[in-house]
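What follows is a single structure, written as structure tokens, with notes after it.
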Amino acid sequence: MTEVAEAAGTRRRTGRERTRLTAWLQEYGVYAGVVVLLLFNTVFTEHFLSAENFRTQAVQVAPILIVALGMALAIGSEGIDLSVGSVMALSTSLVALYLGYGPWVALLVAVVGGAAVGLVNGSLIAHIGVQPIVATLALMVGGRGLALVLLPQLEDVRDPGMRALGSGDLLGVPYPALVAVVLVLLVGFTVRRTTFGRQLLAIGDSRPAARLAGLPVRRVLICVYVCSGVLAAVAGFLATARLQASDPTSLGTLMELSAITAVVVGGTPLSGGRVRVGGTVAGAVLIQLLTATLIKHDLPPSWTQLAQAVVIVVAVYAARERGKR
Amino acid sequence: MPATGALDVPEVPDTAQALSVHGLTKRFPGVLALDAVDFGVQAGEVHALIGENGAGKSTLIKVLTGVYQPDEGEVRHQGTPVAFGTPLAAQRAGISTIYQEVNLVPLMSVARNLHLGREPLGRFGLIDFSRMHREAAETLRAYGVHADVRGPLGELGVGAQQMVALARAVSFEARVVIMDEPTSSLEPREVETLFGVIRRLRDEGVAVVYVSHRLDELYAVCDTVTVLRDGRRVHTGPLAELERLRLVALMLGREMGEVRAEGTTKFGGEHEAASQEPVLRAEGLSVPHQLHGVSFSVRPGEVVGLGGLLGSGRTETVKAVAGALQASAGRVTVAGVPLRGGSPAAAIRAGVSLLPEDRKAEGIVPGLSVRENIALAMLPRLSRAGLVSEARIDALVGTFMERLRIKASSPRQKAGELSGGNQQKVLLARWLATEPKVLLLDEPTRGIDVGAKAEVQRLVDELAANGLGVVLISSDLEELIEGSDRVVVLRDGAVVGELAGDEVTEGALMEAIAAAAVQGPGDPAGREEAPRD
Ligand SMILES: Nc1ncnc2c1ncn2[C@@H]1O[C@H](COP(=O)(O)OP(=O)(O)OP(=O)(O)O)[C@@H](O)[C@H]1O
Ligand SMILES: [Mg+2]
């Protein structure tokens, strides 16, 4: 009898320890991952600890991060936005077409384009009841098609203002990174402090309850996808500035996957009801560092994808254990 | 075990107990849910488990059945220590459980839910659907549920879902059956069916654990009672020897005298529904297949009960009024103004609030905190320029948590972690906070303990006295009768009668419901009967 009890006791203890570990992993794992990669690179990668390298990393992570912020909102509302990569392409086409009027006009047009895509996404989802994954998949295909119609081939950016934006900095911080930081703060504030943020989380957690509580479910959902579209358009604008070229064929391809990875790895559950902005930032940084590390150590790009896959599996595993408890 | 000495009954030898726990402790962050609890149920015994909301009843059951693992102490099954890692393991060992929140699959068909995991197989090992549907329909008829077994379970009312859960639990032929508030949404007739089942189980030597806040039910079927208070066991003994007041005193941890002064229901009786204009008027509300021209009205300060059997259209009526269900015909006026928009948001703006019946699916937002849940319907009014005012929310939440005695480790605890009764209180707070003109209460005291129930009833009374119009649905007949100034009786989605003033008695109501049942569906005479103003 004691044997059985003891065995049972041990099983119980290890079981509890495991759930505690996975809970910790989900809460802080992404930060731990970033720290580990930073340490690894500090020791093993040449020239890692240089201002120049940090600037490069920051400029490269900015678009992923900005897109991931919008994705986090969509996922928090129990949806998803697959059209973000195509919105980046659309944005770059519009920028090329309107750059003649100056970068600010081009940015404005690109943002309006992103908002329009978001409006269509949101309306399909909120009014017609199309599944988010289906609605945004349609726009993912259609969006890039439209981008290519607008600008059939690659075009170089010749606007000096735009060039400055892509390579300049303020007190050593590159402009794209600065924009990303501002947007992170803005989205974080929106989620935590605004009525819209609360309503979004309630809708993501329990749509029927939110509806019965009189929340403007449709309006909130449309806003979510408009936000996501606008953020993707801004990301497209910044990427164009950095690359000094508009290339609607390739810009933003697979961006939706990177963004989803950043969000999920950052601990935002796919089941909605929660948005972790800090985690999303860390998730985007993690992916960026992972890619950079593998490239710096001369591993082929396919390794990057494998590594990303491993990270996703670990993140989803941690999330699953958590949900079960 | 030092605690045992103080108890009224000597400990029963272990082997006689079908299922027991010893020195059981369970902690959640910030809460000691169970504190060194001993509990056991014997074969052929119906054991009542009672206590206030948040006392630890559901947690105890979840530890018994492998949903949670104990922090300390052990579970014994037929005298042998066991550790059920999952609910499935407990089920395989012959322990069948109906959890407090119905945990069937709403999108699957009723028949599928009933047979889940044990579907009858036909050729090629595929599910034999026609046999499954036939058997399911037969089984459910025996439980008084006449539903389309092919339709999704989620379309049934909570009461019917509870009956499906019961039928499922009993069909396992388990040696231990555990029921956590199985009657919270059942009508007297279904409760009788349930009692019949329980007595049969007892006679077959099955051990039954029964949790309920309805004390009458305990005395009707239970042999033994265990009282929990704040996670500790305070009493175990034969139920018949225990006076009702003593039981309540034990639960609340107060003196008998204090409890006696409080009585049972807290409704103050009649309200002055002067000759004022109705604050709510529903005319000819129809919803395809569910409601057929329902009309009634409520004056300020009046509590109008909706009576009827399960599936008579009471829930649908209030949902249609509140815009949660799209009406195909009819109209609703609030204080003389037609209600347009047909959405809950429009109804709330017009001053109509609905406390829904199904708190798990339509009420609680489990991942948000208690305070956010309470403030949810009020967010626009608690915000300025789109920014939430935390200070105003705190003030509102503080008032209601105190008033309704909501037990949470802090206002920031996730609502999904609260005990069932405390979740109900959170929802009540949400709707009371909206300061409505008309409050539609669908089973407002479902799963709420005696102490808090009295407080809720007092609150409803007070609000009515201040001119609020209330529509009350309750499967607790006593509550319906004492709470209502008038009762509108429904059957098959149509109004078939009405009782007012002195006519509102248990006998008259039972008769009206029964008469309605005899009249049969679609009786035109019944339908035309308009509410008297
Ligand atoms: N998953 C959880 N996480 C944190 N706290 C929990 C969790 N489940 C229960 N609790 C806490 O444990 C205590 C006991 O809850 P339990 O559900 O057992 O109460 P109960 O006696 O069933 O009450 P009721 O009559 O309202 O159903 C409560 O204070 C509750 O908030
Ligand atoms: Mg409970």
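Protein chains in written order, with the working numbering: chain E, 22 to 346; chain X, 321 to 853.
Every residue, glycine too, gets a C-beta built ideally from N, C-alpha and C.
Quick caveat: nothing in here was measured; it's all calculated off a predicted structure.
Of all alpha-carbon atoms in Ala328/E, Ala336/E, Asp319/E, Leu259/E, the one lying nearest the alpha-carbon of Pro124/E is that of Leu259/E.
In the same chain as Gly813/X, and ignoring 5 residues on each side of it, the C-beta atoms closer than 6 Å to its own belong to Gln610, Leu611, His612, Gly633, in chain order. Pairing Phe720/X with Ser144/E, the inter-Cα distance amounts to about 38 Å.
With a threshold of 8 Å between beta carbons, Ile668/X makes contact with chain E.
Looking at the DSSP output, Phe348/X bridges to Val351/X. By the Cβ neighbour-count rule, Phe210/E is exposed, with fewer than 16 other Cβ atoms within 10 Å of its own.
Spanning the alpha carbons of Thr653/X and Arg601/X requires a straight line of approximately 5 Å. Chain-order list of chain X residues neighbouring Arg295/E: Gly687, by C-beta distance under 7 Å.
Beta-bridge pairing by DSSP links Gly360/X to Ser340/X. Within the segment 428 to 491 of chain X, no run of beta strand (DSSP E) at least 3 residues long lies entirely inside it.
The beta carbon of Ala642/X is closer than 7 Å to those of Pro664, Ala667, Val672, Leu674, Leu760 in its chain, skipping five residues each way along the sequence.
For Leu158/E, the closest of Leu291/E, Leu275/E, Ala79/E, Ile333/E by C-alpha to C-alpha distance is Leu275/E. Selection Leu629/X, Val395/X, Gly817/X, Tyr539/X evaluated against Gly479/X yields Leu629/X as nearest (Cα-Cα).
Cβ proximity to chain E below 8 Å picks out Leu674, Pro676, Ala681, Glu682, Gly683, Ile684, Val685, Pro686 from the segment 672 to 686 of chain X. For Ala728/X, the closest Cβ of chain E is not nearer than 8 Å. The segment 530 to 542 of chain X and the segment 361 to 381 of chain X touch, with no fewer than 3 CB-CB distances between them shorter than 8 Å. Here the C-alpha atom of Tyr246/E lies approximately 24 Å from the C-alpha atom of Asp268/E.
Residues of chain E whose Cβ lies closer than 7 Å to the Cβ of Ser703/X are, in chain order, Thr216. DSSP places Val528/X in the uninterrupted beta strand (DSSP E) bounded by 527 to 531.
Judged by their CB atoms, Gly135/E and Gly250/E are nearer to each other than the 8 Å cut-off. Residue range 740 to 753 is occupied by the alpha helix (DSSP H) that includes Ala749/X. Close to Arg232/E, with beta-carbon spacing below 7 Å, are these residues of chain X in chain order: Pro664. Taking the Cα of Leu716/X as reference, the smallest distance to any Cα among Leu752/X, Leu688/X, Gln743/X, Gln733/X is reached at Leu752/X. Sorting Val203/E, Val138/E, Val151/E by C-alpha distance to the C-alpha of Ser112/E places Val138/E at the top.
Each of Gly189/E, Val82/E, Glu67/E, Leu320/E was checked against the Cα of Ala256/E, and the nearest Cα belongs to Val82/E.
Contact annotation for Leu696/X against chain E: Arg219, Gln220, Ala223, Ala230, Ala231, Ala234, Gly235, Leu236 [CB-CB distance below 9 Å, chain order].
Within chain E, the residues placing a beta-carbon under 7 Å from that of Leu699/X are Thr216, Arg219, Gln220, ordered along the chain. If you measure from each CB to the nearest heavy atom of ligand 1, the residues under 5 Å come out as Phe348/X, Val351/X, Ala353/X, Asn373/X, Gly374/X, Ala375/X, Gly376/X, Lys377/X, Ser378/X, Thr379/X, Glu737/X, Leu738/X, Ser739/X, Gly740/X, Gly741/X.
Sequence-distant partners of Arg239/E (beyond 5 residues in either direction) whose C-beta falls short of 7 Å from its own C-beta, in its chain, are Ala147, His148. The beta carbon of Ala711/X is closer than 7 Å to none in its chain, skipping five residues each way along the sequence.
DSSP places Gly662/X outside both helix and strand once states are collapsed to three, so it counts as coil. For Ser689/X, no beta strand (DSSP E) segment is defined, and its DSSP state is neither H nor E. At a cut-off of 7 Å, the beta-carbon of Gln733/X does not count as near ligand 2: no heavy atom of the ligand is closer than that. At least one heavy atom of ligand 2 falls within 7 Å of the beta-carbon of Gln420/X. At a cut-off of 8 Å between C-beta atoms, Ser227/E counts as an interface residue with respect to chain X. For the options Asn74/E, Ala89/E, Ala72/E, Ala234/E, the alpha carbon positioned closest to that of Gly288/E is the one of Ala89/E.
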